[in-house]
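Student: Chains as they are written, first to last, in my numbering: chain P, 1 to 338; chain F, 1001 to 1338; chain Y, 2001 to 2338; chain A, 3001 to 3338. Note that CB positions come from ideal geometry on N, CA and C, so glycine has one too.
Protein chains: 4
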Amino acid sequence: MSDLLGVAVLGAGHMGADHIRRLDRVVSGARVVAVADPDTARAKEAAAGVDGVTVHADTEAALDAHGVQAVFVASPGPAHEEALLAAFARGLPVLCEKPMVPDPAGALRVVEAEARLGRRLAQIGFMRRYDSEYARLKALLDSGRLGRPLMLHCTHRNVSSPPGFTSAMLMDSSVSHEIDAARWLLGEELTAVRVVRPRPSGGAPAGLADPQFVLFETEGGALVDVEVFVNCGFGYQVRCEAVCEAGSARIGEDHGVRVAHAGADTTGIPQDYLVRFADAYDREVQAWVDATRHGRVTGPSAWDGYAASVAAEAGVRSLETGQRVTVEPGEPPALYRA
Amino acid sequence: MSDLLGVAVLGAGHMGADHIRRLDRVVSGARVVAVADPDTARAKEAAAGVDGVTVHADTEAALDAHGVQAVFVASPGPAHEEALLAAFARGLPVLCEKPMVPDPAGALRVVEAEARLGRRLAQIGFMRRYDSEYARLKALLDSGRLGRPLMLHCTHRNVSSPPGFTSAMLMDSSVSHEIDAARWLLGEELTAVRVVRPRPSGGAPAGLADPQFVLFETEGGALVDVEVFVNCGFGYQVRCEAVCEAGSARIGEDHGVRVAHAGADTTGIPQDYLVRFADAYDREVQAWVDATRHGRVTGPSAWDGYAASVAAEAGVRSLETGQRVTVEPGEPPALYRA
Amino acid sequence: MSDLLGVAVLGAGHMGADHIRRLDRVVSGARVVAVADPDTARAKEAAAGVDGVTVHADTEAALDAHGVQAVFVASPGPAHEEALLAAFARGLPVLCEKPMVPDPAGALRVVEAEARLGRRLAQIGFMRRYDSEYARLKALLDSGRLGRPLMLHCTHRNVSSPPGFTSAMLMDSSVSHEIDAARWLLGEELTAVRVVRPRPSGGAPAGLADPQFVLFETEGGALVDVEVFVNCGFGYQVRCEAVCEAGSARIGEDHGVRVAHAGADTTGIPQDYLVRFADAYDREVQAWVDATRHGRVTGPSAWDGYAASVAAEAGVRSLETGQRVTVEPGEPPALYRA
Amino acid sequence: MSDLLGVAVLGAGHMGADHIRRLDRVVSGARVVAVADPDTARAKEAAAGVDGVTVHADTEAALDAHGVQAVFVASPGPAHEEALLAAFARGLPVLCEKPMVPDPAGALRVVEAEARLGRRLAQIGFMRRYDSEYARLKALLDSGRLGRPLMLHCTHRNVSSPPGFTSAMLMDSSVSHEIDAARWLLGEELTAVRVVRPRPSGGAPAGLADPQFVLFETEGGALVDVEVFVNCGFGYQVRCEAVCEAGSARIGEDHGVRVAHAGADTTGIPQDYLVRFADAYDREVQAWVDATRHGRVTGPSAWDGYAASVAAEAGVRSLETGQRVTVEPGEPPALYRA
């Protein structure tokens, strides 16, 4: 594949800037061709260093910029409906950050507009579906190995909430991730919800109902409980335990899927290095490409390669003789010293 | 950045093919312009789908192909010396898989050739330095928070060894990773080695000295022990515990750095979602770019966005009223029914 | 202390027999002097081997038996009220298995009777207060180090329920442990409860509401949720996470208290061997006492002591010389050959 | 069983005093009838509160005291040989703390004396054999489920060493535990040892070779490596990993046996409450016996029993009605208010 996908990014705030960096430097196959933000100074800053990008104050102008083939909506929630409809009008595929549209009426208008088009253009940014642990939990539940899921126990904790965070936003902004994850993991729609408020934490701003405890019911009779606590103070924790008829599986603790089943509490062990070190390989090669494009050489050097070879050969001799063998690489040439 | 780095990949075996895929589809900023392998059928297969690539039986021809700006050496070890020297002769930067050159004499010739150039062109594929756990362990040791390292206890286990694996290859091929990791983590050269053979496992091929127990000494008096066991049968495990004057840190178990220090056994908790879900974001956006370039739409749909919005709004009403509230998104349009 | 406490045990079923064994062989300072059970054959079997014990069909007779100084009530719940009142009438201290009295009216009569005595005679068998993890969690909460507790997330799972287990018994018999633990850990009374039924597990007997999800509120506004699942199939799990204003602490997983606090997930490390191996010392000495009383000698032998001494001395020589030193204990005398 | 075993305890230092307490208050079936220590003040202090005990300066006098049926040797190592021979001369069973006799020649004299008796009288205090984790590891190895053991990786760490601790004592006093554990776990004699010294820790006293790394070989070709580090600073850690032909098992981390086998990393889950809470039951009943013998009543009260019953009944009503039900125990009588 050689042509890069031309993307317009709407919104150049914290998330938008991070996605611009990602499209430009991490992800293969795309390039950012337009950035829009009412605050054009912010847009310019986020677009700095991106080759051939244009900057706009206005959504429509960005969508109509030269080379735009797809849209990434990273603007604040209230601006999403207009952006999605504008993309639909142009037939442009969209990746839209969550919440798709904060109010259900507006969200329904987006659904109806896309349904009228008769084909899907929008992907919504529920990125947990792309997390490796969630993906493995989903596969495990779908396999039926643990029987039907009966309950999901979820935890969603943040160190502290940003200024202006309201009691409703614990639901809108935080629990909405668990809402999507529960629908996806269980393959069932939610049918009822009940929120219980424990006493508010002294660590939360006055007036904020934090933590909250939320209980969802599903069409099939499963139960989803969510502790949401956005001023827990100690860390960011997203955990999920699926309690099934024949076992329970947990994610979100030490990065792995731990399964309790048939008398054992178990985590998988990878079976080869491509699994265990897949990220390391990606990072290694990306680092090499980045350095090379800047005319630099970094990383392990030929001296490192040589030194390893000397030590390994000494090891083989010790293996053969049973003796202690000295390792003598000599002095490195000046090129390799610090 | 817009111009993609043109890479010639030498070797189209298991590793080579994986690196071609990585350069083409995962890593940002590079493209594969030439592939060389004496087995050109294999080279063609590995290059299939890569736009504008040329395929060669011969290393020199590949390096001289149009657009080659850098070289990725993924051929068998004995071919590395020639490939590195050929790249040096053309002034091309190289990423060379380990072992750089299997025999120390050849490795030294590479070092000397690069030293004569007076600038570094080669990076060696000791990819553990790019693993996030190793990187965090290195940073922790460098911080001095645990005092000086005194010992490294290393484990390197494979499920089973490939055909033709020899007793010497446990050192050359497997322990060479620990050799580089130890030199890098400790910042010290190795000075002696001693290999002890426990009784061979009944699970290893007859005649193979597996497992082996290897003890390295460093110039500063640290001790590095390595259990290498390439037919352990149960999984791929790479662990490392650094025992320091004021604490010990372990990696390779459940993906995290566990630190024993001052009466506590501790793992870190990420402090925000960008840390915890960085990979998920990368994967999400890559999946979107890939699908969009193929004219497909996948992932969470607008209906998912709408359903989340309906459930969240019901949650807010329950929060406000203290009552159970039903969640009623209605029926999805046909477009969204699987 | 020399005089042993004379105990009458009421009830010789599964629990009663286990407590008789415990009083006779494990616990220091007590002896069983009377056992009562309507099924006297069962009582005799449970009392077998206990020196000087008398067996009775009737509670009153057992309480009046020679040497009775205290009472252990291990009969079925419905018999507890009468047993407690009979013990109170005689001024005998009682340890009464839970539930103290299954119906609240009867329980209140026991409370009123003891209040009329003006002094406490009864201890109720909520043995979780004596579990080392619960005790450490209680101490941690009382220390205030994590701020006020806001929520307790509890799990109570059994492999399978015994025949005749009813939906109400998940509350009466199982959750009653969490009820006491919550009151004790929080130091607050419970003020409301709500039970939600997820779909029943296919692994539970037809008609049994299993699992159940129970939400308690406390007088101070804390929330206690309990998953009770008595046919989970995979094991016996009792977990409790206390979510506090400044941290969370969990017990019931791999035997330890894991604390999330200030960016770290932490378990304690014991500071000396008396802590780590306290149970081993107790078991060692008990095993020796038991064997000696039966005229037997078991455990590590003098030969083991000698062999250790030979190996240690060889180690010291290797330490001093830096050489490999052989360990040569010679052949053990016939006495020590198994 | 009614007659208590009369024990003479030799040595009233730290260990001796702890064993006197254990025999008197923890272990069932024994009583301390004599205590000997050259420092009779210390002996008196350790014996305080033990009913009917006599105190002696002299070993022989203690062994000949009235009621002595068995001997517990807890004096310093150099005094053990004489104590053991004196016990043998009287035909008294002995539990002797490790090291049995520090020097191999003396140890052999003890072995020969017992062999002449033709029956075993001595049990040596290698108490790790009584640790539940070691016991489970031993059972696992003996089961053959993981194939033959090939290597033991052992760690033995103390926070800090006591004054006067010498380099040789890391072997004599610390590693002697691993020596016995390895012989017992593997069922093989040790045949050679090699000690390697890493650079000494700055946290160790000047001149002390701490840490040390010890490699034992066994008659069957297994390898046992031991890191001994008596000034590690952060905690007391005793770990052991048995690497076998078909799996590896570890103990000493978070109190459990973790097994890596067939693609999974597994710990057991207890199958019932008697396993999970065995210690809690023992502690509960011991606490009740102790309090009762002192005329006190402690632990959960009748009010606690009543309150649990009220809450459970409310739970049952909520289960039946699906409604929130208030829990109203009323006010406790004065007797139960702290």
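Leaving aside the five residues before and after Asn1158/F along the sequence, list all residues of the same chain whose C-beta is less than 8 Å from its C-beta, in chain order.
Tutor: Ser1174, Phe1229, Val1230, Asn1231, Cys1232, Tyr1236.
Student: Taking the alpha helix (DSSP H) that Leu2085/Y falls in, what are its first and last residues?
Tutor: Where Leu2085/Y is concerned, the enclosing alpha helix (DSSP H) stretches over 2080–2090.
Student: Just reading off the alpha helix (DSSP H) that Val1110/F is part of, what are its end residues?
Tutor: Segment 1104–1117, the alpha helix (DSSP H) holding Val1110/F.
Student: To the nearest angstrom, how far is the alpha carbon of Leu140/P from that of Gly147/P?
Tutor: Going from the Cα of Leu140/P to the Cα of Gly147/P covers about 10 Å.
Student: To the nearest angstrom, how far is the alpha carbon of Leu117/P from that of Val110/P?
Tutor: Straight-line Cα distance between these residues: approximately 11 Å.
Student: Can you list the beta strand (DSSP E) stretches of 3 or more residues lying completely in the region 1117–1172 of chain F, in chain order?
Tutor: Listed in chain order, the complete beta strand (DSSP E) runs (minimum 3 residues) inside the region 1117–1172 of chain F are 1122–1124, 1149–1157.
Student: Can you name the residues of chain A whose CB is closer than 7 Å to the CB of Ser1201/F?
Tutor: By Cβ distance, chain A contributes Leu3150, Glu3245.
Student: Could you name the residues that DSSP lists as bridge partners for Ala70/P?
Tutor: Answer is Val7/P.
Student: Quick one: what does DSSP say Asp1997/Y is sitting in, helix, strand or coil?
Tutor: Past the boundaries of the shown model lies residue 1997/Y; chain Y is included only from 2001 to 2338, so the question cannot be answered.
Student: Let me confirm a value: Ala2206/Y is counted as buried when at least 16 other C-beta atoms fall within 10 Å, else exposed. Which label applies?
Tutor: With fewer than 16 Cβ atoms within 10 Å of its Cβ, Ala2206/Y is classed as exposed.
Student: Work out the CA separation of Leu3095/A and Pro2300/Y for me, nearest whole Å.
Tutor: Each residue's Cα considered, the two are about 10 Å apart.
Student: Where does Ala2041/Y sit, in a helix, a strand or coil, going by DSSP?
Tutor: Of the three classes helix, strand and coil, the one that applies to Ala2041/Y here is helix, per DSSP.
Student: Assuming Glu3188/A is part of the alpha helix (DSSP H), what are its boundary residues?
Tutor: Note, Glu3188/A: premise wrong, no alpha helix (DSSP H); not H, not E.
Student: Would you verify that the beta carbon of Pro211/P is, or is not, closer than 9 Å to some beta carbon of chain Y?
Tutor: Chain Y, which has a Cβ nearer than 9 Å to the Cβ of Pro211/P, makes this yes.
Student: Nearest-angstrom Cα distance between Pro3099/A and Gly2305/Y?
Tutor: If you take the alpha carbons of Pro3099/A and Gly2305/Y, they lie about 7 Å apart.
Student: Assuming Leu3005/A and Thr2298/Y make a contact with CB atoms under 8 Å, what is their CB distance in whole Å?
Tutor: That pair is no contact at about 15 Å.
Student: Taking contact to mean 3 or more Cβ pairs, one atom from each stretch, closer than 8 Å, check whether the region 3197–3204 of chain A and the region 3003–3021 of chain A are in contact.
Tutor: Result no; under three Cβ-Cβ pairs closer than 8 Å.
Student: Check this for me: beta carbons of Leu2010/Y and Val196/P, under 9 Å apart or not?
Tutor: No, these two residues do not count as a Cβ contact at 9 Å.
Student: Taking 8 Å as the cut-off, is the beta-carbon of Ala1043/F closer than that to any non-hydrogen atom of the ligand SAH?
Tutor: As presented, the structure is devoid of all ligands, the ligand SAH included, so that no description of it is given.
Student: Report the rounded CA-to-CA distance for Ser3160/A versus Asp3003/A, giving the unit in angstroms.
Tutor: Roughly 43 Å between the two C-alpha positions.
Student: Going along the chain, which residues of its own chain have a beta-carbon closer than 6 Å to the beta-carbon of Val50/P, five neighbours each way excluded?
Tutor: Only Asp24, Val32 meet the Cβ criterion.
Student: So Thr3155/A packs on Glu3227/A, CB below 8 Å; how close in whole Å?
Tutor: With a Cβ gap of about 5 Å, Thr3155/A and Glu3227/A count as contacting.
Student: Comparing alpha-carbon positions, which option in Ala192/P, Gln212/P, Leu223/P, Val224/P lies nearest Gly2221/Y?
Tutor: The residue with the shortest Cα to Cα distance from Gly2221/Y is Gln212/P.
Student: Whole angstroms are fine: how far does the CA of Asp3103/A sit from the CA of Gly2330/Y?
Tutor: Whole-angstrom Cα-Cα distance: 15 Å.
Student: Give me the Cβ distance between Leu1335/F and Ala36/P, rounded to the nearest whole Å; I'm assuming they're in contact under 8 Å.
Tutor: Leu1335/F to Ala36/P, Cβ: 28 Å. No contact.
Student: Pop quiz: Ser3028/A and Val2027/Y are said to be a contact at Cβ under 8 Å. What is the actual Cβ separation, rounded to whole angstroms?
Tutor: That pair is a contact at about 6 Å.
Student: What residue range is occupied by the uninterrupted alpha helix (DSSP H) comprising Glu1060/F?
Tutor: 1059–1063 is the span of the alpha helix (DSSP H), which, as asked, contains Glu1060/F.
Student: Mind listing which residues of the region 1300–1332 of chain F have their C-beta closer than 7 Å to chain P's C-betas, in chain order?
Tutor: Against chain P - using a Cβ distance shorter than 7 Å - the residues of the region 1300–1332 of chain F are Pro1300, Ser1301, Ala1302, Trp1303, Asp1304, Gly1305, Tyr1306, Ala1307, Ala1308, Ser1309, Val1310, Ala1311, Ala1312, Glu1313, Ala1314, Gly1315, Val1316, Ser1318, Leu1319, Arg1324, Val1325, Thr1326, Val1327, Pro1329.
Student: Below 9 Å between beta carbons: does that hold for Glu60/P and His80/P?
Tutor: Not in contact: Glu60/P and His80/P (Cβ atoms no closer than 9 Å).
Student: Is the Cβ of Leu140/P closer than 9 Å to any Cβ of chain Y?
Tutor: With 9 Å as the cut-off, Leu140/P does not count as an interface residue toward chain Y.
Student: Going along the chain, which residues of its own chain have a beta-carbon closer than 8 Å to the beta-carbon of His1177/F, five neighbours each way excluded?
Tutor: Answer for His1177/F: Lys1098, Phe1126, Arg1128, His1156, Val1238, listed in chain order.
Student: Note down, in chain order, every chain A residue with its Cβ under 8 Å from the Cβ of Glu1227/F.
Tutor: By Cβ distance, chain A contributes Met3151, His3153, Val3243.
Student: If contact means a Cβ-Cβ distance below 7 Å, which residues of the region 159–181 of chain P contact chain Y?
Tutor: Those would be none; no residue qualifies.
Student: Can you list, in chain order, the residues of its chain with a C-beta nearer than 7 Å to that of Thr2191/Y? Leave out the 5 residues immediately preceding and following it.
Tutor: So the list reads Glu2217, Thr2218, Glu2219, once near-sequence residues are dropped.
Student: Do you know offhand how far Leu3152/A's Cα is from Glu1241/F's?
Tutor: If I take the Cα positions, the gap works out to 16 Å.
Student: Mind checking if Gly2187/Y is an interface residue toward chain P, Cβ cutoff 9 Å exclusive?
Tutor: With 9 Å as the cut-off, Gly2187/Y does not count as an interface residue toward chain P.
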